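Data block below; observations after.
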Amino acid sequence: MVKVTFIEADGTRRDIDAKEGEPLMYAAKDAGIAGIIAECGGSAMCATCHCYLASAPNGPLPDIEPAEEDTLEFTAHEPTDRSRLTCQVIVDDRCEGAVFEVATGR
Ligand code: FES
86 MVKVTFIEAD GTRRDIDAKE GEPLMYAAKD AGIAGIIAEC GGSAMCATCH
136 CYLASAPNGP LPDIEPAEED TLEFTAHEPT DRSRLTCQVI VDDRCEGAVF
186 EVATGR
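Next up, the structure:
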């Protein structure tokens, strides 16, 4: 398991365990992270799993693939250079200690 932190819209920090080899979104959904809806089930189509990467002490994380980049152009919350779709982040040891802020419409 890999330790990852999410910061929810109200500022609540949630430390969760994520399974290596699976999309980070699965761990976020299993943990009930507020704001991670994942309407498309992980197909990089809905952007309702959008987060901002705040830190990745063991990173960098894997690069953004074209499908993720395309969807991020149409998110409800403005994308930044820290934006990731958590369904497209496959958990590995580079995610250990990473902190993700749930996109909140900033
Ligand atoms: S779950 Fe739909 S884009 Fe990630």
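Convert by adding 85 to the 1-based position in the sequence shown; the result is the number in our numbering.
Glycine residues also receive a C-beta, built at the ideal position from the N, C-alpha and C atoms.
These numbers come from a predicted model, not from an experiment.
Reference residue i, options the options, closest by Cα
i	options	result
Ala103	Glu124, Glu93, Asp115 and Glu163	Asp115
Glu181	Leu109, His135 and Thr189	Leu109
Ala94	Pro151, His162 and Gly126	His162
Asp178	Arg99, Pro147, Pro151 and Gly127	Pro147
Within 8 Å, strictly: CB atoms of residue i and residue j
i	j	result
Ile101	Ala139	no
Thr156	Ala129	yes
Thr133	Ile118	no
Ala188	Ala141	no
Tyr137	Thr165	yes
Where residue i falls, given that 16 or more other Cβ within 10 Å makes a residue buried
i	result
Glu105	exposed
Ser168	buried
Phe159	exposed
Gly144	exposed
Ala112	buried
Arg191	At Arg191, the pLDDT of 43 sits below 50, so the modelled position is not reliable and the matter cannot be decided from this model.
Please go through the segment 93 to 132 and give each complete beta strand (DSSP E) segment of 3 or more residues, from N-terminal end onward. 98 to 103
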